[in-house]
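Numbering (this note's numbering), first residue to last: 7 to 144. For reference, the structure is listed below as structure tokens.
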């Protein structure tokens, strides 16, 4: 049985991803305007990038939360660490689209989700160690 921290990791990671999608939906026109400068038809490119993001996020999250993949865990952490400045810097230099509230909450949620992977129960589960329960003391 998966520990609660692993279940929460999975739920929070997907919630953070969908919060990012919500933020993009709220700022869709501004995103299209910005991308129109670089591409003749930005809508398919945006949809494709969201689909790719969902594929990567879902794959890594499920490999960690269902199949105990430490490689996927570290890839996810690395991608988040590299992507975090791409979220923060536009707000610092004034080039961001929309409010910083949803991206900030999504980033904080993702940090919390990755911290959950380092709880004792999660690390035991990831290492395939037997579950510790009160039954062991009887």
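Virtual Cβ for every residue (Gly too), placed ideally from N, Cα, C.
First through last residue of the alpha helix (DSSP H) which encompasses residue i
i, result
"residue 79", "76–99"
"residue 144", "It is not in any alpha helix (DSSP H) - residue 144 carries neither H nor E in the DSSP assignment."
"residue 72", "48–73"
"residue 40", "34–42"
"residue 7", "Note, residue 7: premise wrong, no alpha helix (DSSP H); not H, not E."
"residue 136", "No alpha helix (DSSP H) contains residue 136, which DSSP labels as neither H nor E."
"residue 109", "107–122"
Cutoff 8 Å; reference residue i; Cβ partners in own chain excluding five residues on either side
i, result
"residue 36", "103, 104"
"residue 134", "74"
"residue 85", "62, 66"
"residue 33", "103, 104"
"residue 38", "48, 49, 52"
Cβ shell of residue i (< 6 Å), same chain only, five flanking positions each side left out
i, result
"residue 120", "83"
"residue 106", "97"
"residue 163", "Absent from the structure is residue 163, since the part of the chain shown begins at 7 and ends at 144."
"residue 115", "18, 22"
Same chain only: Cβ atoms within 7 Å of residue i, ignoring 5 sequence neighbours per side
i, result
"residue 29", "104, 108, 109"
"residue 42", "48"
"residue 78", "66, 69, 70"
"residue 93", "109, 113"
Whole-Å CB distance - residue i paired with residue j, under 8 Å assumed
i, j, result
"residue 15", "residue 122", "5 Å"
"residue 128", "residue 11", "4 Å"
"residue 9", "residue 131", "5 Å"
"residue 25", "residue 111", "6 Å"
"residue 137", "residue 7", "7 Å"
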